[in-house]
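> Right, I'll just put the structure down here and ask away after.
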Amino acid sequence: MALSFIPQNRFSRHFTPRLALSVALIALSTFNYGFDNQGIATSQAMPAYKKQFGDYNPTTGAYAIPTYYLSLLNSLNFIGFAFGLYIGSLISARYGRRMAMFCMSLWAMMSATVLISATTRGQVLAGRILNYTYIGMELSTCPPFQAEIVPAPIRGFAVGTYQTSLLLGGVIINSVCRGTSGLTSNSAWRIPMGLFYIVPVTVASCVWFIPESPRWLLLQDREEEALQSLQTLRGSDPSYSAQEELELLRLSLVEEHNHGRYSDLFRGTNRRRTLVAMGMNFFIQATGSPFTAAYGTLFVQFIGSINPFNYSIMSSCINFFCCLVGITITDKIGRRPILMTGSVLQVVWLFTMGGIGTAANPTFVQKQVIVGATALSSASLCFSWDPLNYIVTTELPASRLRDKTQRVASIVNIVTNFLFSFFTPYLLNAPYADLQSKVGFIFGALAICSFFFAYFCVPEMKGRSLEEINEMFDKDVPTRKFGNYVLEHKAEEKTEIIEMEKAVPIDESTEKSQL
């Protein structure tokens, strides 16, 4: 049954209590991504963290983390990320989505122990690489799991909760970091790291109480279990037929039975899907995400117009709100408009940041505008590309190639993120490029490219079942016609209804008497 105590809308009609709990638990696991992403970035600005892991500068009389170490800390972690993606997708494909979530949660407890007990730069670096192995496993498992258990009308919202949870995790840990930033001992950064234990313990304890993906069960020829999973997820609505949905799933899988090799990703209609997924994962990183996520707090601290820890909380809250708005409206207005709007907004804020940064000695007000533009560029990304990347790349692939497509797209994500994370500190700081806020010109130019990519390459898939998306790609429907394309069986059904209405005569006297 649906959530009867909530006013009827597209969410309450499709979210049964069991489905809602399943989506929530899967989304909860991404909190740790936000904890790591924001926790490490914010801790880098703490005096206690700098004293423990930085070098003393006699000229300034303060400790600072070397540029080379910042570069390594925020880029080498993607080695673990790549390994986690590969291992996670293998476990997910062979042993199921739930087993993958259980294994990655156990791994996260181990990596948290390494991070919280760190006393040297090498241990922090090792702990972060290990923790990103968990995050890679998470990315290869959670979005596909969510996409496979929810119906099409709410799939965009459900998969978008991956990014929303990440950002909410950032809000929580930034708030904790703000509270501990005044401590002079290592407790200042170790207390936030303690949060890393909470999520994996919860997920590992509860994951076996949610249904397995019916698609994965069908791929393993476990038909009865797949049917039971559908019935559990969809509830007891008399208008719903689990058997009918199972048949649609089976037909879709039969059609794709021989498409399971990596070489098939670049053959036929799958080539188009793969290239779009790769492009999405490139632009999500190339338009400034590593800059604002990994170095935003340190950048704001250097600008000096606002408390960097207050900025982190403010930016995290704005990002969370914008992401929530984005995933709420994506199933209503579509993927393409949100992506293009996000790109335009990023161009505006990034060029504003870069333009003001050309001033030799910016005033206090100009510094505040730079900080505001930095926050708003991040918010624009969180409204659009950040959540929709996971939605689009889980909708695009054929069922047999979903895991492989995720791996290839994620490799693009990793390589792009690694490169920008590695080189950004050298672009920002002296004695290297020393661009500071002028890096906005670089990311702004790439945001322009992202707009044209979204317009010409990304198809509109809102409200479509995964089976309908397969059919449209197989028919090679042009990108800009995806949104309004009428499938053949849908057109036939509509024609039959019209013909039936014409065939049944309306007795006007009877109709009037009924009125």
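Quick note: to get this note's numbering, add 46 to the position in the sequence shown (first position is 1).
Virtual Cβ for every residue (Gly too), placed ideally from N, Cα, C.
#1: For residue 446 and residue 393, what's the separation of their Cα atoms in angstroms?
#2: Can you find at least 3 beta carbon pairs, one from the stretch 395-410 and one from the stretch 241-249, that sit closer than 8 Å?
#3: Confirm, please, whether the CB-CB distance from residue 182 to residue 131 is below 9 Å.
#4: Suppose you measure from the CA of residue 307 to the CA of residue 469; what does that come to, to the nearest Å?
#5: Tell me the rounded alpha-carbon separation between residue 537 and residue 436.
#6: Tell me, please, whether the stretch 196-213 touches the stretch 109-127 by the rule of three or more beta-carbon pairs shorter than 8 Å.
#7: List in chain order: all unbroken alpha helix (DSSP H) runs of 4+ residues lying wholly within the stretch 64-148.
#8: Please return the same chain residues whose Cβ sits closer than 6 Å to the Cβ of residue 66, not counting the five positions on each side in sequence.
#9: Are the CB atoms of residue 193 and residue 441 nearer to each other than 9 Å?
#10: Quick check on DSSP: helix, strand or coil for residue 269?
#11: By a C-beta neighbour count over all protein chains shown, 10 Å radius and 16 as the cutoff for buried, is residue 297 buried or exposed?
#12: Could you tell me if residue 191 is buried or exposed, where buried requires 16 or more neighbouring beta carbons within 10 angstroms of its beta carbon?
#13: Given residue 412, which residues of its chain have a CB within under 7 Å of its CB, disregarding the five upstream and five downstream residues?
#14: Who are the near neighbours of residue 73 in its chain, counting only those whose CB is closer than 6 Å to its CB and skipping five residues on each side?
#15: Counting only runs of 4+ residues fully inside the stretch 209-270, write out the alpha helix (DSSP H) ranges in chain order.
#16: For residue 509, collect the residues of the same chain with a Cβ closer than 7 Å to its Cβ; drop the 5 residues on either side in sequence, then sort them by chain order.
#17: Residue 465 and residue 430 look like a contact to me (Cβ under 8 Å); what is the Cβ gap, rounded to whole Å?
#18: Let me check understanding here. Comparing Cα to Cα, which of 426, 410, 266 lies closest to residue 497?
#19: Closer than 7 Å by C-beta to residue 261: which residues in its own chain qualify, once you throw out the five before and the five after it? Chain order, please.
#20: With distances taken from CA atoms, which of 99, 76, 482 is nearest residue 166?
#21: Do residue 123 and residue 177 come within 9 Å of each other at the CB atom, strictly closer than that value?
#22: Anyone know if the C-beta pair for residue 433 and residue 379 falls short of 9 Å?
#23: Since I believe residue 150 is in contact with residue 180 (beta carbons under 8 Å), could you give me their beta-carbon distance rounded to a whole number of angstroms?
#24: Just verifying my parser: in three-state terms, what is the DSSP assignment at residue 365?
Answer, in terms of the structure:
#1: 37 Å
#2: Output reads no: the stretch 241-249 does not touch the stretch 395-410.
#3: yes
#4: 35 Å
#5: Since pLDDT at residue 537 reaches only 46, below the 50 mark, its modelled position is unreliable, and the value read off the structure follows with that caveat. Straight-line Cα distance between these residues: approximately 30 Å.
#6: no
#7: 77-89, 93-99, 113-119, 123-141
#8: none
#9: yes
#10: If DSSP states are grouped into helix, strand and coil, residue 269 belongs with the helices.
#11: exposed
#12: Within 10 angstroms of the beta-carbon of residue 191 lie 16 or more other beta-carbons, which makes it buried.
#13: If we look at residue 412 and ignore the five residues flanking it on each side, its Cβ neighbours are 402, 405.
#14: 207, 211
#15: 233-239, 244-252, 260-265
#16: Spatial neighbours of residue 509 in its own chain (CB-CB distance under 7 Å, excluding positions within 5 residues in sequence) are listed in chain order as 198, 199, 377.
#17: 22 Å between Cβ atoms; not a contact.
#18: Of 426, 410, 266, the residue nearest in Cα terms is 426.
#19: 194, 295, 445
#20: 99
#21: yes
#22: no
#23: 5 Å
#24: helix
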